[in-house]
Each structure stands twice: as structure tokens, then as C-alpha cells.
Amino acid sequence: MADEYIIRNGQVYDPKQGIKGDVMDICINNGKIVSKVSKKAKEVDATGKTVMAGAVEIHAHVAGPKVNEGRNYRPEDKLFTCRATGANTHMEAGFSIPTTFRTGYNYARMGYTTVMEAAMPPIYARHVHEEIKDTPIVDQGAFPVFGNNWFVFEYLKNKEDANVNAYIAWLLHVTKGYAIKIVNPGGSEAWGWGKNCDTIHDPVPYFDITPAEIMSGLMKANEQLGLPHSIHVHTNNLGNPGNYETTLDTFRLAEGVKTNNKFGREQVFHHTHVQFHSYGGDNWGNFESKAKDVMNYVNQNKNITIDLGCVTLDETTTMTADGPFEHHLTELNHLKWANVDVELETSSGIVPYVYNPDIKVCAIQWAIGLELGLLAKDPMRTFITTDHPNAGPFTRYPRVFGWLMDQKYRNERLSTFKYSEKVNDATSLGSLDREITLYELAQMTRAGPAKALGLTDMCGGLAPGMDANVAIYNINADSLDGASIEKAFSAADQVFKCGTLVVDNNDIITETDKRTLWVDVKVPDNKQVERDVVMKFLKYYSMNLANYEVSDHFVPHPYVIEVDAT
Amino acid sequence: MDTVTLTMKNLPALYLEAETISPDQFAAKSPAEIGKLSAYMGNEHHTLGDFFEIAGNPGKTAADTKIVVTGDLSKVKYIGMKMTAGEIEVLGNTDMYVGAWMAGGTIRVKGNVDSFCGMGMTGGELLIAGNARNYLGAAYRGDWRGMQGGKIVVGGNAGSDLAFFMRGGEITIGGDVDVHVATHAEGGKIIIKGNAKSRVGGQMVKGDIYVFGEIERMMPSYKYIGDEQIEVNGTSGTFQVWIGDLGERHGKRKGETIYGKIYLKVKEAEEKEGSTRVSRKIKLTDAQMQSVSEAFAGKEPSVSNVKAFIQESFGIEMKPMQISRLIDEIRRKA
Amino acid sequence: MTRTITDVVCPFCGTLCDDLIVTVSEDGKKLLDVENACAIGAEKFLHTQASDRVTRPRKIQEDGSSVEVSYDEAIEYTAQLLVNAKKPLMYGWSSTSCEAQSVGSEIAEQVGAIIDNTAAVCHGTTLVAVQNVGIPSCTLGEVKNRADRIIFWGCNPAHAHPRHMSRYSIFPRGYFTGKGHKNRKLIVVDPRTTDTSSLADVHLQVEQGADYELLQALRAAVRGQELTGDIIAGVPKEKVYEAADLLKSGRFGVIFFGMGVTQSLGKDHNIDAAIMLTKDLNEYTKFSIIAMRGHYNVTGSGQVLGWQFGFPYSVDLSRGFARYNPGETGSIELLKRKEADAIVVLGSDPGAHFPVRCVREIANLPSVCIDPHITPTSEICKLHVPVAFVGIEVGGNCYRMDNVPIDSRKVIEPPEGMMTDEEFLRAVNTRVSELKAA
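Residue numbers (the numbering used here), protein chains in the order written: chain A, 6 to 571; chain B, 9 to 342; chain C, 6 to 443.
Structure, rendered in C-alpha cells:
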């Protein structure tokens, strides 16, 4: 880690510093980017290659109880795609739900160095951290879910700002969590009775608070506390034809809300996997894309960020804290359904899914994800994901890059669908000739997500002082065809993680200590919340309060971001 | 066809994993190259040449290649895995996974096979002269797509879990089968010439099962809808038709629900009398039951004692499982 | 003087109670009392104080007597055994911490072993059923707060999970269940009359070995179908219809099940049908199903193996990548077919639980038993290595039957000089690396 490196002559793309393909050297020392190094620095020749900061994954399901349930209940996901123990790597297994070792290695191979686990059920936080510990190389954080939490319902309903703030701070602390995640607000609690909240104004049974109130309340709390990330939302009505209206209703909650944080974050609201929320029509027959309407709004409202959730047309596994949606899905495709309702906190479901390109709906879903990306006016607010593994495995990101960056590549796919005419009728993808550039790609996979997470000074960029997370790809602006893009970004030539060379010659050569990012918020003492927590544990939880907090030994390399909200 | 003969020369101390014994793997290779193909025993890497004498030459393609395997193969697994064409003849008993995931070609086993044979099969023929154990023509763990095509024929008996999650293809069993036939099947055709025990067509969504012998215990979620005169694979006769599984989901076509079907052959004696029996299950009259209860009151009845008693007292021969149930019933009423 | 330690996690069964109170001597060496535990849990804590505890490894001789050896010798023996074997089996894992399980995985990957846990003779069939049809489930707190229909199918919690009914399933007054057991209906399905069935509102005395038939009949009844026969699997047809109605009429139902269905005729098919019944019932009301896991951390072993290798038990690493197929890669069949050539047992007692044929095979093979107790297993292995009790003398993470992870505590010191299994395994792992590098 103390090694000096100089990466020579690469074509550098760094939106943090506005560098758009300049041929320049990148210097590394002591784990950080520096402006210069001594003659003893080891040389890496990046002539003709693209150099970017390590990528930042803002939303993927890679660690925790539902991910592991997915692994254990899908032995067939491991058939014939395993990789044997290597000189520097553990054995690897799993296509749509890789084991933790494979997860770390595959992200690193693609040049990703920071990965956020999208949803952590608080009572299971210990499990999430055990898996994070066993995921090599990449720095990680996890988002505890708040949108179906009984404490949150009570405090928001009673408009007790100080209390909800204190509870949020407490929960982030005991779970070692990173941000406020909201999934199907209210609906997953309703699912405890087999019900749901279909619009953002449907009150939650018994708790009598609406999803809109939950999201607005938590958004307000997030800004009062000044957390590094904004609220991270998966709104109601996911996956249903016509749901774009729910999505726009949800976005409107952020109107006029201003951010307040010391981390350079500009958005107050991040909506995830928007592809699943951009549907028009009112049944699967007249199902169509509303990507245009959705992106019109996103483009005009600068305090929102989104990630795409692109469909990759694979057999994959859906898994989400939107319990009722997963039940709905199993009723559609009759495939095995796993569900876990979590006391006082959330719900979750898992169902395998085959995105068959011969099925019109799947092809339209594929088109929508790309449309959203191509219609985005601000790549710093639009991030590329597949909601791994829901719309596809993260190992398909390079293919998604190829579709976004090469019109011919995506049109080849579009024109060979069995129902390509119907797909073209239902979406505007065929008419979009935009090709995302390498610079924009860096915005959508590095600088943008880092900034949205409040980590703009730490990662996602190559400015001196930042962590030396660097990826070198065997491709440049002269040869940007889809197949080459997919090949180059699937296996970087070299990857540095905090200044250690972890990938060389397109494969892992060593592991290195990874860090767990979490947020510790200081709030004024709150005796009421302390008492409420004690009482609810005594009466309603199935475990003792004293055993709830995640002890330090589960997080051997913490990176704690302190926030003073007193 | 060009033929390669493998003769076992060294018995493996544990079990040999020989998925490289396949026309696809042998095609266009020299015998020396074939000898160098991998064969694992536990965590030790070996080659086929370590365990087999290799004679003859393969064809240029899998389709032109025949492999004959001989010797003591009882501890050899995976023969013919994933083959797409060509032939394999196994002269003797062998172990598990014969023809697993095969897509074409023919495998003939002149002996018995163990479990998991024909797993995930999509085409070709798997012909077993002797018996097969469990999970014949089944899906791999967790996969809802089991056998999808091809043909399996077993001369002898098959074990449990036959055709698990079957979707297509055809299986014929010359002898008897154990429990759980075609569980979760969504298609396919199965012919059992001997007897079945229980759980035939459990949770079946769609598919056809023909049983020429007896079914000891029919699922309570199957419904008898009448008799049909049919011909199946050369056998004609009157068959009881049972639809189900009524506890499972079913598709519809033109408003009609599509059920799984069990065809149970009506036996000749019954045919003359008129087929009203479910199967040859004997029921004692209430008086006879009373007799039995009294005879064993206060004692611990064993299956053999009760069987003997019933034989002596009423001249009726009952099967052990029926007697066991009878004993339970008596105990309950006591 | 004494010290009192609260919120102690009981390391016995899958109920994983975490409200125990343990009293220890001031110097932390003697365990004096334990409160709130059931009889089994209390005994687990108290018997650590047995005066005849084995504190050093012992080599078992041909005549059954034993010779004490050092931990170093034990480490060497174990490492050599594993490195020299072509298909070593590392079995057990259910009565130890996730931290120790993880070191076991490292060793297994290095030597190309099969790693298996007690699910192989217990709820492995449940795991297979879940792989076939999924599982609608919930945490135990949901049961406490919402459930008004409880079914115990093929299990007897009064004996096997004694505090289950009072902590989670029958008696607690939760958020929506203020009337406790008075507003809950209990159905017990068991061929026997048991202490649990004596509490039931409805006891269906299913014919032994016919649970699958009864479950499919219930599914048909729930769908409004007519059943064939007057007695279905030992239960009168009318009672089957009534049971279906009782289940549908609840607000929130939970099926708990155990060995009565996981290891009787059909095994995973029984669980499969029960899960499908649960899924069907979600068309009418809210229903979940939870497996009554036995050992306190068999669930944890399944989790660790899952995230590291992709499968929950019977994992074959012998070819350098993970393979899984119970029926081939499971401990029972490996031993029965003589496919394993060495065995290391940790945190379980196959000598007591496995079929005799398999126990004989263990006795014939090079074998090590890592266990605080003298057990049927330790006496037939070649080497017995005692280790500290997890959850009492050393802490470690454990997973409850509903997969909730709870970090168990250390409340007293282990006997002088005794290793923990994590320490022992780490030393074995280091030695294995050395031997493999040579």
C-alpha cells in the first residue's frame, strides 16, 4: 500500500476534475492519488488505454439474508458456471447470485472499488456485515431500511422531528448503516397482513400513515441530520403497467426541498431502478414505456438523482424488500417464491425470473432501461445499474455500457426481437441515436454515484488526495463498438484499490483490506426515544435490546463518517 | 461406426468421476489423447488411461463415435454426461449420473444403474436393461425444468423420485417403481408396466402416467372419472382414468382445465366382473375388524401376527402395509 | 462474591433464547446458576462444571482406552489426515460459532473436502424442498405479534423446543395479539398423542407416513375440491375439510414443522407439499412456514456455506469448485457407499445419530472428533480433541431458526489450557497450508 506507482500515458476520464480524455499520467503513493512520485515509482503503461477512477456501485443486492436465501434456494444458479480455486482467489460460484468471494472478485475485475448493499433489514444487520467481511477487495456500505419501520411510523405520524431524527441516528449506529433506504413505504408493513399500498396516498393498515408522509418525513429528517447520502427510494407500485404516475407523484414530493449537508451532495432524493417504475398502459397487452415522461421530470428537477435498473435479458433472480410485489410475480410466473416478513421493520421476497427476449414485455422492459439513460440530460444525476440481480447480474454492466454507447449494438438487439415491431411501437428507443461517451460513462458510474453518496472527495475521481482507486481498460475513444466495450469493461487490464494493485493482466492477483463505510450521527440526547426503544424491544421484538447492536468485531475495517447534528 | 473400447484395468479405491467418457469428448482424438482425458477420484486428478485400457478409434464427430465400456464399472460415475450424439454401451452395472444432461445419441447399459441417471435430459435415448435407482430422469436440485425430451427405457425396476419435474419426453419402466412418480411434472409420458407404491402424480400439473400393474395407494387428491379403452405403446386395454392433482394449479385451454392424468389398467379378472374397484385393496368387514381387535386386545399386535391371524380366520391374504394401517386404526379406536 | 450476566444466549437449540441470566464466580471461572433457561438449556450451562471434564486431546486405542496427547500433536494428526485423504469428510458444525465454521471452510477448500452439517439427518430435506418450491416465511416476532393460527406438524416443541411456545408461538401477547393464547387456535398434526398435542384445539392423528397425502388433500380442500375416500391418511374426510376452513379463517397462520415430516416417507416432498399449502393459503389470508431447526447453529452453518460456496449443506469441494447433490454428496451416502476416506467431526454427534452402517464406517476410517464431551462419536474416532463450549466459554455468532443472527457471549473461562475450536482449526489450517506448500 505504501508503493509508488505511475500510470503513464493513459487517456484519462475524470469528471471530478473535468478531464475528458486527456493523455496524462496518474500518480499513486501511500494509497492516495498524488500529483507526483519519485523515480522509484513502479510504472504501468497505459498507452492507448482508458483510465478512470474505480467505479462506484450505488445499488446492488450482494450481502445479507435475502441474498443468501437466494443462493441457498437456487443450486441451479451454480450449474456449470463455477470457477475453481485459483492461485490468488477462492473458488467462485453463482451466475445471478454470486457467492461473496465471486462478488468481490467480479466487481474488482470490472474496475469497481466501492459497492453499496441496497437494503439491510436492521434485525439481520449482523448477517449483512458477516457477508461484507467475506466480500474481498471492494469497500462496502449497507442501507438499513426505514420505510416500514414501526418507530418511524409513530414519530412521523405524530410529527415528532427530534424523535425520528434520534431514532434514525440510533439505528444507523447500531446497524453500522450508511443511509436511509425506503422500499415500498408502508406497503411492506401492509404485507404483514397480505395487503399492500398501491399509491402513495394509501394509508398503512392500523398505522394510518401514508407512503407520501413516510417519504416526505424521512426526506426532511435526512436533511435536518445532514447525512452524506439522500434518502434512497424504491417507491410503491413497482412493476405494474401504468405505475409511472405513482413514480411522478413520488418525485413531486421532493419539489422545493433543499439539501443541507457538508458532503457536496446536491440531491435530496435518489430513486432507484427507475426502469421498473416507468410503465404505461394498464395491462400487459398495452404495456408501454413512459420513459420520456419520467425523464422530462428528472431532467427539469435538479434535486433528484436516479439509477436505471436496466434489464439484461438473462435468467436471473428477483429479490427485494417489496414483499407484496414478489408474491405478485410468483402468481404470474409460478416459480419458487421465498418470503420473509421481518418484525417491526420490513418484508422481503425472492422469485427467479427469465427475461426472455421472445416475450414482448421483457423486450420493452429492456428498451425502457436504455431509454432512461439515453434521455438523461445530466449524466451526473443518472447512474447505470441493473438493480442486481433483479433486472440482471452486475456482470452484465459492460454489455449495458455497450448498448448505451453504440447505437448499432443496441439496434442489433432491438431489431432481432421476435416482436421488435411491437417493441418499437411501445418505446422510443429505436429513434434515439445518442451514444453515451466515455466521459459520460465516467459520470454515470464514478463521479455521479460518488457525489450522490456524499463521497465525492473520497472516491469516484482521480484528484490528488482521493483514494487511489484506479481502473485501466484496454479500449479508447477510437474503437468504441459495443463488442469491444463489453470485452474491455468486463476485465480491466489493471485495477488499483487504495493504491494496491489488485487486478493485473485482467485477473485478480491479490486481495487487500476492504473497508466498511458507515455513518455515525451525533444527535442531542433523547430520553423519549431511548424509552420507546426499550419498551418496544420488551413487548414486541423477539430478541433482547442488548443483543441487537452489531458489535465492532463484525466490522474489522470500519470507515466511519461522522455527522454532527446536535 | 468407429468404436473405442474401454476396459477397466484398475479398480478405483473410491469412486471415479468419468464425465469425459462421451462421444463428444472422444471424437477426432487418438487413443493416446483419449487416455489423457481427465478422470477424478475425490480430489486426485487422474486420466482415463490410469484406469482403462483403450482400444480402437473414435469417429471424426460424436455422431460417428461409439464407445464400449467394460469391466467392473460399479464405481464409475457420469458416463455419457452431456453427450449430444453417438453411442455408448456399458457392459455391466455402473454408478450414478449415466447420461446426465444428455441431449442426443444412445446409451445402452447391460446391467443396473444407480441414482440421478438421465438428469435434466433433453434428447437421445437412455436404455437400461437392469434396474435404476432413484431420481431417474429427474431435474437437478432446484431446477424446475426436469427431463424435457428424449426417451428412457428400463427393463427392470426403478426407485423413488422418477421423473421429478418432468416436462417432456418419455419413460418406460418394465418392472415396479418406488414412491413419488412424476412429482411436480408439467408434461411428459410415463409407462410403468409393473406396480407402483404411492404418491403417483403428486403435485402434477400436467402429464400422462400409465400403470399396467397396481397402485398400492392412490393420492386422495386424484379423482376417478371413468374408464377408457386405449392403446399405449403396443398394449391395449381398458384403463381407469384419474385426473389430478386437485391440490395443484392447472392451466386452461378453451375454458377447459388441463389436468394430469393417471391411466390405471383394469386387470382381466376385473374386466369380466366390471371395473368398480380402485385397486386390489382388501377391506375387512366391521365384524371381521371387531374379531381382530378382540383377539389382540391388550396385546402389542405385530404385522406378522395379525397377518397370520387374518389368514387363518378369514382366509384373506393382506399386504403388510395394509395390515400396518389396520393396526393403527385399531389402536386409534381403542 | 458473584457476578450476574444478563442477555445471555443459550447455545442449545434453534429457539436461541437470548434472555438468560447467568451467575458466575467473581473470578469468572465457575458457573454457579442460570435463570430463564429451559431444563435442557440449564443443563447445557451447568454441566460445563462437571468435575470429570476432558481437558486435553486423547488418542483412542484399539481396546477403547485412551492416551492423552498434546494439542500440538492433535493439530499435526488432524492436518496430516486431511492433507493425505482423497475425499475427506468434514462433518458437523452445528454446535459451534460461525467464526469457527468459516475456518472450517478454509480448510475444506484447501484440502478438497466435503463439508456437511447436521441438516444431512435433520432439515436438509427442508432445504431441498425450499430449493424446489421456495418458502413463505417470517421472523418469530411476527408470529408473536400477529399470528392467530398455529400448526405444529410433525414436531413436539414441548420437548424439543421447550420455550418456543412461551416466547414466540402460543402464549405471548404481542402488538396485535393482546389476548395471547386465548385468541390463537392450535392445530397439531402428529400420529402420536404428545405433550404438545394435549394443548391443541385440533389434533389430527395422521397415519404415520401419510403426511404427504394429507397435505395434498388439504390443498385440494382449500381449493374447494372434493376428496376421494372417507378416511384421508388416517383422518376422516370431514375433519380435513374442517381443518382447511380453520386455516383459511385465520388472520395470520404459521406452520412449524420438524422431524415427523422431514425424515418420514417422502422427506423433502412432505415439506414441499406443506410449503405449497402455505403458499396456497396466501390466496385467502396470510400464512407463513418455519422449520424447527434443532441445533443452535445449524442454520448458521447453512448461511456460512451459502455465502461462501453457494449451497447450504452437503457441499463437495473435492474438484476445486463447489458441487451439491444430497443423495450423492451427503454424509450418510458417502459413508454408506464408502466414498469418503477420512472424517473430521466437529460440533455434532453422528455416532449417536447416524445409521449403524455409517457409524461402523466412521470407526473404520482415520477420524478426529472435536467436541467438549465424550460422546459415541469421540469413542469411535481415532482422536478426540476437547474444545471450549461456544456460547459459554467463548462467544461467537449464531443463527436462530428464523435466520436471525445473535452473537453469543462468553460467560466463564474455559478450563486452563483448553483451546477453542476456532483456535484449533486455525492452527490446523496453518499446518495444512505448510504441508500443501511442501
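Quick reminder that beta carbons are idealized off the backbone N, C-alpha and C, glycines included.
Bounds of the beta strand (DSSP E) holding LYS186(A) are 186-188.
Around ASP80(B), the same chain offers MET16, LEU19, GLY100 as residues with beta carbons nearer than 8 Å, after the five sequence neighbours per side are excluded. Against chain B, the beta carbon of MET281(C) has neighbours under 9 Å at GLN211, GLY255, GLU256, listed in chain order. Short of 6 Å from the beta carbon of GLY400(C), and not among the five residues preceding or following it, lie these beta carbons of its own chain, in chain order: SER413, ARG414, LYS415. For the segment 227-239 of chain B, the residues whose beta carbon sits under 9 Å from a beta carbon of chain C are, in order, MET227, PRO228, SER229, TYR230, LYS231, TYR232.
With contacts defined by Cβ atoms closer than 7 Å, VAL405(A) and GLY116(A) do not form a contacting pair. DSSP places ASP206(C) outside both helix and strand once states are collapsed to three, so it counts as coil.
In chain order, ASP363 place their CB closer than 6 Å to the CB of LYS423(A), counting only its own chain and leaving out the 5 sequence neighbours on each side.
Note that the C-beta distance between ASP10(B) and GLY67(B) is below 7 Å. For ASP346(A), the secondary structure class from DSSP, reduced to helix, strand or coil, is strand. From the beta-carbon of LYS92(C), the residues of chain B found nearer than 7 Å are LEU22, GLY50, ASN51.
Residue pairing by DSSP puts ALA166(B) in a beta bridge opposite VAL185(B).
Going by beta carbons, MET424(C) and VAL373(C) fall outside the 7 Å limit. Closer than 7 Å at the C-beta level to chain C, one finds these residues of the segment 121-155 of chain A: ILE128, TYR129, ARG131, HIS132, GLU135, GLU136, ASP139. DSSP places ILE31(A) in the strand class (E or B) of the three-state scheme. For THR335(A), the enclosing alpha helix (DSSP H) stretches over residues 328-338. In this structure, VAL185(B) lies near LEU170(B), with their beta-carbon atoms less than 7 Å apart.
Residues of the segment 86-114 of chain C whose Cβ lies closer than 7 Å to any Cβ of chain A, in chain order: CYS103, GLU114.
In the DSSP assignment, THR69(B) falls outside any beta strand (DSSP E), carrying neither H nor E. The beta-bridge partner set that DSSP reports for GLN16(A) consists of VAL28(A), THR55(A). Contact of ARG149(B) with chain C by beta-carbon distance below 7 Å involves VAL133, GLN136, TYR329, ASN330.
Burial is judged here by how many other beta carbons sit within 10 angstroms of a residue's own beta carbon; GLN298(B) has fewer than 16 and is exposed. The segment 311-327 of chain B makes no contact with the segment 358-366 of chain C, as fewer than three CB pairs between them are under 8 Å.
Interface annotation for the segment 147-161 of chain C against chain A: GLU147, VAL148, LYS149, ASN150, ARG151, criterion Cβ-Cβ distance under 9 Å. For ARG257(A), no Cβ of chain C is located within less than 7 Å of the residue's own Cβ.
Around the beta carbon of PHE59(B), a 10 Å sphere encloses 16 or more other beta carbons of the protein chains shown; the residue is thus reported as buried. With distances taken between CA atoms, GLY88(B) lies nearest to ILE115(B) out of GLY64(B), ILE115(B), ALA71(B). If only uninterrupted beta strand (DSSP E) runs of at least 3 residues are considered, those enclosed by the segment 215-298 of chain C are 257-262, 291-296. GLY306(B) is classed as exposed because its beta carbon has fewer than 16 other beta carbons within 10 Å across all chains shown. Between THR28(C) and ARG168(C) the beta-carbon gap is near 19 Å, outside 8 Å, which marks them as no contact. ASP483(A) sits in a helix when the DSSP states are folded into three classes.
Assigned with DSSP and collapsed to three states, GLU421(C) falls in coil, not helix or strand. Non-local beta-carbon contacts of VAL133(A) in its own chain, meaning distances under 7 Å to residues more than five positions away in sequence, involve ALA68, GLY69, GLU122, MET125, ALA147 in chain order. Excluding the 5 residues flanking it on each side, ARG114(A) has same chain C-beta neighbours closer than 8 Å at SER495, ALA496, ALA497, VAL500, VAL508, ASN511, ASP512, ILE513, in chain order. The distance from the Cβ of ALA327(C) to that of MET96(A) is about 6 Å, consistent with a contact at the 8 Å cut-off. The beta carbon of LYS297(A) sits closer than 8 Å to the beta carbons of GLU376, LEU380, SER433 from its chain, once the five residues preceding and following it are set aside; these are given in chain order.
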